[in-house]
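Protein chains in written order, with the working numbering: chain A, 540 to 970; chain B, 540 to 970.
Note that CB positions come from ideal geometry on N, CA and C, so glycine has one too.
Bear in mind that the values here come from a model prediction, so they are computed numbers and not experimental data.
What follows is a short report on a single structure.
Protein chains: 2
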Amino acid sequence: MKVPPVKGTRDFYPQQMAVRNWIVDGWKAVSLRNGFEEYDGPIFEYLKMFQIKSGDEIAEQLFSLTDRGGRELAIRPEITPTLARMVNQQINSLPRPIKWFSVPRLCRAERPQKGRLREFFQWNIDIIGVDDVLADAEVIFTTVDYLRSIGLKPEDIQVRISSRKLLATFLSDIGIAEKQLDSLYALLDKYKKIPSDTFEKILLEQVSDSATVKKILDFMAVDSLEQMDEIVNVGNDVRDPVIDLKVLFSYLDVMEIREYCVFDPSIVRGLAYYTGVVFEIYDRASELRAIGGGGRYDDLLKQFGGPQITGTGMGMGDCVLEILLEEKGLLDKQLPKRQLDYFVAFAEKSGGGTIFNIVAKLRSKGYKADFSYKYKAGNLAKQLKEASNRNAKNCIIIGEEFMGKNNELVIKDMDSGEQELVEVAKFFAQL
Amino acid sequence: MKVPPVKGTRDFYPQQMAVRNWIVDGWKAVSLRNGFEEYDGPIFEYLKMFQIKSGDEIAEQLFSLTDRGGRELAIRPEITPTLARMVNQQINSLPRPIKWFSVPRLCRAERPQKGRLREFFQWNIDIIGVDDVLADAEVIFTTVDYLRSIGLKPEDIQVRISSRKLLATFLSDIGIAEKQLDSLYALLDKYKKIPSDTFEKILLEQVSDSATVKKILDFMAVDSLEQMDEIVNVGNDVRDPVIDLKVLFSYLDVMEIREYCVFDPSIVRGLAYYTGVVFEIYDRASELRAIGGGGRYDDLLKQFGGPQITGTGMGMGDCVLEILLEEKGLLDKQLPKRQLDYFVAFAEKSGGGTIFNIVAKLRSKGYKADFSYKYKAGNLAKQLKEASNRNAKNCIIIGEEFMGKNNELVIKDMDSGEQELVEVAKFFAQL
Numbered sequence: 540m541k542v543p544p545v546k547g548t549r550d551f552y553p554q555q556m557a558v559r560n561w562i563v564d565g566w567k568a569v570s571l572r573n574g575f576e577e578y579d580g581p582i583f584e585y586l587k588m589f590q591i592k593s594g595d596e597i598a599e600q601l602f603s604l605t606d607r608g609g610r611e612l613a614i615r616p617e618i619t620p621t622l623a624r625m626v627n628q629q630i631n632s633l634p635r636p637i638k639w640f641s642v643p644r645l646c647r648a649e650r651p652q653k654g655r656l657r658e659f660f661q662w663n664i665d666i667i668g669v670d671d672v673l674a675d676a677e678v679i680f681t682t683v684d685y686l687r688s689i690g691l692k693p694e695d696i697q698v699r700i701s702s703r704k705l706l707a708t709f710l711s712d713i714g715i716a717e718k719q720l721d722s723l724y725a726l727l728d729k730y731k732k733i734p735s736d737t738f739e740k741i742l743l744e745q746v747s748d749s750a751t752v753k754k755i756l757d758f759m760a761v762d763s764l765e766q767m768d769e770i771v772n773v774g775n776d777v778r779d780p781v782i783d784l785k786v787l788f789s790y791l792d793v794m795e796i797r798e799y800c801v802f803d804p805s806i807v808r809g810l811a812y813y814t815g816v817v818f819e820i821y822d823r824a825s826e827l828r829a830i831g832g833g834g835r836y837d838d839l840l841k842q843f844g845g846p847q848i849t850g851t852g853m854g855m856g857d858c859v860l861e862i863l864l865e866e867k868g869l870l871d872k873q874l875p876k877r878q879l880d881y882f883v884a885f886a887e888k889s890g891g892g893t894i895f896n897i898v899a900k901l902r903s904k905g906y907k908a909d910f911s912y913k914y915k916a917g918n919l920a921k922q923l924k925e926a927s928n929r930n931a932k933n934c935i936i937i938g939e940e941f942m943g944k945n946n947e948l949v950i951k952d953m954d955s956g957e958q959e960l961v962e963v964a965k966f967f968a969q970l
Numbered sequence: 540m541k542v543p544p545v546k547g548t549r550d551f552y553p554q555q556m557a558v559r560n561w562i563v564d565g566w567k568a569v570s571l572r573n574g575f576e577e578y579d580g581p582i583f584e585y586l587k588m589f590q591i592k593s594g595d596e597i598a599e600q601l602f603s604l605t606d607r608g609g610r611e612l613a614i615r616p617e618i619t620p621t622l623a624r625m626v627n628q629q630i631n632s633l634p635r636p637i638k639w640f641s642v643p644r645l646c647r648a649e650r651p652q653k654g655r656l657r658e659f660f661q662w663n664i665d666i667i668g669v670d671d672v673l674a675d676a677e678v679i680f681t682t683v684d685y686l687r688s689i690g691l692k693p694e695d696i697q698v699r700i701s702s703r704k705l706l707a708t709f710l711s712d713i714g715i716a717e718k719q720l721d722s723l724y725a726l727l728d729k730y731k732k733i734p735s736d737t738f739e740k741i742l743l744e745q746v747s748d749s750a751t752v753k754k755i756l757d758f759m760a761v762d763s764l765e766q767m768d769e770i771v772n773v774g775n776d777v778r779d780p781v782i783d784l785k786v787l788f789s790y791l792d793v794m795e796i797r798e799y800c801v802f803d804p805s806i807v808r809g810l811a812y813y814t815g816v817v818f819e820i821y822d823r824a825s826e827l828r829a830i831g832g833g834g835r836y837d838d839l840l841k842q843f844g845g846p847q848i849t850g851t852g853m854g855m856g857d858c859v860l861e862i863l864l865e866e867k868g869l870l871d872k873q874l875p876k877r878q879l880d881y882f883v884a885f886a887e888k889s890g891g892g893t894i895f896n897i898v899a900k901l902r903s904k905g906y907k908a909d910f911s912y913k914y915k916a917g918n919l920a921k922q923l924k925e926a927s928n929r930n931a932k933n934c935i936i937i938g939e940e941f942m943g944k945n946n947e948l949v950i951k952d953m954d955s956g957e958q959e960l961v962e963v964a965k966f967f968a969q970l
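Pasting the structure below:
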């Protein structure tokens, strides 16, 4: 019986697995060097956990299930609710700030399309407990630190930054009611993602007033923070989001990633829970979906039954990133080659048992070592070809020098082609 | 709203994540040095894929779900069906032997108990396309290579080895019908897992004849291959499973892991698909469930719609292993410590921007570097304490020597306590 894979999922054959591992290992290494610690949660949680956050497409895209005990569960579509649950559970014992990262496998029941699959991996970094745009700057720095480390330059990608608080202040200034905000955020998030006439039509339906539509469009098109000063009026009692953004950009400057970053008030983020700085990373040509994005959330822990503690974070999936790296020619040349330290070949017609003794010893000493299951044919040329195909650095040849009284192995350097005879005990002593 | 985690799942806080990573990284490293390549499949497959193999407890323990398109899916309870599907899909292009490994996340709707959870990680290695007990030996070697590398000795663990073909031949000899075999395997697999009187009672119900019960019990108690020669009669037309086992043990001897291995005809494996060598790894005290197990399967690919190609493999979960390592005191001392290359501290009251420039530079050069968000208080003692708590090798102190005209950083070696003054440009040039 032949069963196909499920649409929108991926099989990771060794070649694809090498790509995934290279991306994930890069995420992990950069997280660690930026001082983040790794966490993870279960692949499924109670369904209701993913329904807490309102204004969210994600809740419609759940793979939900009922277990035999009648519990309603869902495969995680994102890890942020799990993060909130885990932090809340140990809120009194966790030292702050909490700087955590994770690389969860996530599932969303979306229509599969370019850069969007039903199952994917997502890098998440979060700093919880620091109410300072310095933490937002550190999250953005860590994101760029990774993207730069894999060869992406300011001419390839751009971090577009704005502030949900700036937008909220502006919308309030022009008379938008608070209860309209969540649905408006979801729409404004589509500003550059849907055709402009469609966008304007839907916006007019929502705000019912063409003067307001114009004000919003003007706001979204502003391209400098200085100009924003004149548009948004902040009372004396709130922290000025424009000043926050200016301080943020000064940090990004000191961190030497300013050239990757741009102020862009059209960045909104669809999710309801953002309250401060928000950002998205795009390819400069804007041909692909967002590579990643994030922002500050003041109320997230509280929504999940915990205290009001602020946090800021970023998420980046593997699908769009991989497409971009492929397009830029940055993938193949950076992938680590599969290789062996030693390939052990057998040049005789009988008595091949020693081969396993030598292979086993090499492996136990930590060397990557292998042999051919066809060694019994004693065809040395074929075995050397396999050694070469598998990028073996050295080939150990067990031939008459060994099988006779001398106990000598031929060690062949596969790059230079040079060979030397080494007595077996001496060889292992030298390793 | 506070939602609890689902029973039988685990939250991996950084401390638990470090344990999981150490185990998984060990599995991966040992697989690679033994010449296996990594693969993975999706977390869910069509439900029917997990129902193909009969005689299987696993099918009853599925987390199944129906997606919005009405497809019946299930979270994978094991990866072997996925392996069979993936190999079959590319059977004509994959070079053989196929030596693959994977570390899938698996879910089973079991009653959670010691060493058994609803979600776990399992190391899988398989060699497909080699009809030679040498491949079984290599699978067992790789398993022991890992267990030995983490400090487990022959006095801690034992690989108990038998042959499904040996058992089948014996059962056929004593008159058991072929259609009875699958249910009998499932029962015999419980020989050492349930009380002996219960076992004998159920066995009598299945074979309806106390003479046959005695023969089976005698067979299960044999402790040498030599003795088995007298018990099992193999016709000339089939490969003798006793000889296969003798050859296997001679390979294990050459591979220098013989002392970890023992012949034990009571090893059956519950799964229906095994056809040759079978084995399970136990703690010597037999106080825990099996740490892992595996064996040869001749018909697996065929059952999944592919050709008849033989394979042999092993699976090992993380739960029992972790309990054993904890009990043997092998866990804490082997876990890599969380550490930093540099902690950057600030000893002044103002002008802290430089701290981020230095931290960012260090990170981008690949060093693990961090700072305290409380740097603004300028409390050096507290910052040095944090550096020490985080196992920083060095602490860079930005003080008056830097903020004045000298541009000099204090570099403090946290082990020796020694300090030196280095001009900042020179410091980065030396890195």
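If I measure Cβ to Cβ from residue i and keep anything under 7 Å in the same chain, skipping five residues before and after, which residues do I get?
i: Val752 (chain A); result: Glu739, Leu742, Leu743, Val746
i: Phe602 (chain B); result: Ala613, Ile614, Cys646, Ala648
i: Glu765 (chain A); result: none
i: Gly654 (chain B); result: Leu827, Arg828, Cys858, Val859, Ile862
i: Lys915 (chain B); result: Gly891
Where does residue i sit, in a helix, a strand or coil, going by DSSP?
i: Lys965 (chain B); result: helix
i: Gly565 (chain A); result: helix
i: Leu604 (chain A); result: strand
i: Leu645 (chain B); result: strand
i: Ala931 (chain B); result: strand
i: Leu919 (chain B); result: helix
i: Asn631 (chain A); result: coil
i: Leu656 (chain A); result: coil
i: Lys888 (chain B); result: coil
i: Phe843 (chain B); result: coil
i: Tyr585 (chain A); result: strand
i: Leu860 (chain A); result: helix
Taking 8 Å as the limit between beta carbons, can you name the residues of its chain near residue i, skipping five residues before and five after?
i: Phe660 (chain A); result: Arg559, Ile562, Val563, Val642, Pro643, Arg644, Leu645, Gly856, Asp857
i: Lys867 (chain A); result: Gly690, Leu691, Asp695
i: Asp880 (chain B); result: Leu901, Tyr906, Lys907, Ala908, Ala931, Lys932, Asn933
i: Pro1030 (chain B); result: The structure shown does not extend to residue 1030 (chain B), since chain B is modelled only from 540 through 970, so no value can be given for it.
i: Arg687 (chain B); result: Ile796, Tyr799
Residue i and residue j: beta carbons closer than 8 Å?
i: Asp721 (chain A); j: Ala811 (chain A); result: yes
i: Leu726 (chain A); j: Val771 (chain A); result: no
i: Arg624 (chain B); j: Met588 (chain B); result: yes
i: Ile533 (chain B); j: Phe818 (chain B); result: Outside the shown range of chain B, which is 540 to 970, sits residue 533 (chain B), and nothing can be said about it.
i: Tyr912 (chain B); j: Val669 (chain A); result: yes
i: Pro780 (chain A); j: Ser702 (chain A); result: yes
i: Pro693 (chain A); j: Phe758 (chain A); result: no
Are there 16 or more other CB atoms within 10 angstroms of the CB of residue i, so buried, or fewer, so exposed?
i: Arg657 (chain B); result: buried
i: Gly905 (chain A); result: exposed
i: Leu870 (chain A); result: buried
i: Met767 (chain B); result: buried
i: Ala920 (chain B); result: exposed
i: Ser927 (chain A); result: exposed
i: Arg835 (chain A); result: buried
Only counting the same chain, and skipping five residues up and downstream in sequence, which positions put a Cβ closer than 6 Å to that of residue i?
i: Val961 (chain A); result: Leu948, Ile950
i: Ile897 (chain B); result: Val883
i: Ser593 (chain A); result: Confidence at Ser593 (chain A) is low in this model, with a pLDDT of 49, below 50, so the placement of that residue is unreliable and no value is reported for it.
i: Asp579 (chain B); result: Ser641
i: Ile618 (chain B); result: Ser641, Pro643, Asn663
Mind pulling the beta strand (DSSP E) runs of 3 or more residues that sit fully within the stretch 670–726 of chain B? 696–702
Could you tell me which uninterrupted beta strand (DSSP E) segments, each at least 3 residues in length, are contained entirely in the stretch 728–772 of chain B, listed from first to last along the chain? none
If we require 4 or more residues per run, which alpha helix (DSSP H) segments fall completely within the stretch 770–832 of chain A? 780–793
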